[in-house]
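>
Residue numbers (the working numbering): 3 to 461.
#1: Using CA atoms only, rank isn't needed, just tell me which of 224, 452 and 155 is closest to residue 269.
#2: Within the same chain, show all residues whose beta-carbon is closer than 7 Å to that of residue 10, passing over the 5 residues directly before and after it, in chain order.
#3: Does the distance from the C-beta atom of residue 454 to that of residue 281 stay below 7 Å?
#4: Start and end of the alpha helix (DSSP H) containing residue 32?
#5: Measure the C-alpha to C-alpha separation of residue 275 and residue 333 and round it to an integer number of angstroms.
#6: Count the other CB atoms within 10 Å of the CB of residue 384; is the residue buried (16 or more) or exposed (fewer)?
#7: Please name the residue, chosen from 348, 47, 328 and 8, that lies closest to residue 425 on a Cα-to-Cα basis.
#8: If we count the other Cβ atoms within 10 Å of its Cβ and call it buried at 16 or more, is residue 162 buried or exposed?
#9: Please state whether the Cβ-Cβ distance between residue 320 and residue 258 is less than 7 Å.
#10: Just checking my contact of residue 151 with residue 120 at CB under 8 Å: how many whole Å lie between their CB atoms?
#11: Counting along the chain, where does the alpha helix (DSSP H) carrying residue 318 start and finish?
#12: Answer with buried or exposed for residue 443, where buried requires no fewer than 16 other C-beta atoms within 10 angstroms of its C-beta.
#13: In its own chain, which residues sit with a C-beta less than 7 Å from the C-beta of residue 431, not counting the 5 before and 5 after it?
#14: Between the C-alpha atoms of residue 316 and residue 303, what's the straight-line distance to the nearest angstrom?
#15: If we count the other Cβ atoms within 10 Å of its Cβ and call it buried at 16 or more, is residue 128 buried or exposed?
#16: Taking 7 Å as the threshold (beta carbon to beta carbon), is residue 440 in contact with chain B?
#17: Please report the straight-line C-alpha distance between residue 205 and residue 440, rounded to a whole angstrom.
#18: In or out: residue 236 buried (at least 16 other Cβ within 10 Å) or exposed?
#19: Could you give the residue range of the beta strand (DSSP E) that holds residue 54?
#20: Rank 72, 52, 63 and 271 by C-alpha distance to the C-alpha of residue 32 and give the top, closest one.
#21: Below 8 Å, how does it come out for the stretch 29-49 and the stretch 61-75: are there three or more Cβ pairs, yes or no?
#22: Looking only at C-alpha atoms, which of 124, 109 and 25 sits nearest to residue 44?
#23: So what does residue 277 bridge to, in DSSP terms?
#24: Tell me residue 458's beta-bridge partners as DSSP assigns them.
#25: For the 8 Å Cβ check, are there 3 or more pairs between the stretch 22-32 and the stretch 49-56?
#26: In three-state DSSP terms, what is residue 388?
#27: Cutting at 6 Å between CB atoms, please list the residues of its own chain near residue 20, excluding the five before and the five after it.
#28: So, residue 89 versus residue 104, is the Cβ gap smaller than 7 Å?
#29: Residue 148: which of 48, 357 and 74 sits nearest, CA to CA?
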């Protein structure tokens, strides 16, 4: 190595760093001051305001600049659960918090209800519609106490505005909805263009309309059961039930049929929507798609005879629920079913290596997790899949980014495409323990059913 050439290269690098430092010192804080001024103006009209920015360092700076004696400022950037809980408690429905601002990162844009707030501010431009919808959705909820809520967007100079390249990069990010999806997104050519706020909001509104149309199509078979000429429930009965304030813990109806069958509903949870199930042992298995369930109900409820819920009916219902319990994995979303399939393949390989290396602690953890995957101990499979996806996601992202220009990218976006990576860069025993320890026992399906119709043959 030529020492003089090396010294010259170091001096050039030093000059560049000094130039960068000099330029940074000359940066104005005008943009941040404008954001703070806007937030203070909103707080004069709104008791509670939520503001989002994808960068925690910006949130820390805004907090320092906006603080004043009469204002309570919360910061939740995903690092500390106590901060997240404090925001949720202060901004939850019915909260009596006075004059407060919540500064949140994107980790707070999903699964958190802050509907006591009446204004949300995007301190930076969301890179995809999904994130924008999730941010606004923290306060714009069906049970919001406000007649209307405000959503404020940044209108930056072109130098700071979001570009189409950044938008695409974020679109390629691995998020829950695309994990396991067989989708390859094309790379765009040409110069990146600035994404205008107006175009982004328009895209968001169009996306919302499309979702409503899709939901309308998806629920039409269900709606047809209670509306229209082919309704199975007459309008008066349905109206009375809708308006009833009686609290029903569970409801069971029994009808006469030639073969046993059952229709069951499960309530929604924090992670999942309510589920419909139809099961007939002689009819081809468990149905969970709304259209299929509605069609099966229509085929079996025309002109049926109601019968009492006697001992024989209870036996039939318990037998049906027992068979459904054995098929409980089919109640999971497809991507979580695929996650459990991948988890089993990977853990079997981990088990072989642990035995070969005589690592008893790792063997015990892996064997326990394999038992969970195979259904031992009535584990909450939905939560198990979620924990597994959370554990593998950092490696997945790293692999996708390192192979960004590889022809393998499409395969890597699918769960099975990551098996080789997880074999070469295995999860640590501590990571596997975290998955194991974070899973709870699930209540039996029979204890979760809130409504049922059971077809019972004569005894």
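Here a beta-carbon is modelled for each residue, glycine too, at the ideal position from N, C-alpha and C. This one's a predicted model, so the numbers in the text were calculated from it and none came from an experiment.
On the basis of the data shown:
#1: 452
#2: none
#3: no
#4: 32-47
#5: 11 Å
#6: buried
#7: 348
#8: exposed
#9: no
#10: 5 Å
#11: 313-328
#12: exposed
#13: 363, 364 and 367
#14: 19 Å
#15: buried
#16: The chain inventory of the structure shown lacks chain B, comprising one protein chain alone.
#17: 38 Å
#18: exposed
#19: 50-54
#20: 63
#21: yes
#22: 124
#23: 268
#24: 258
#25: no
#26: helix
#27: none
#28: yes
#29: 48
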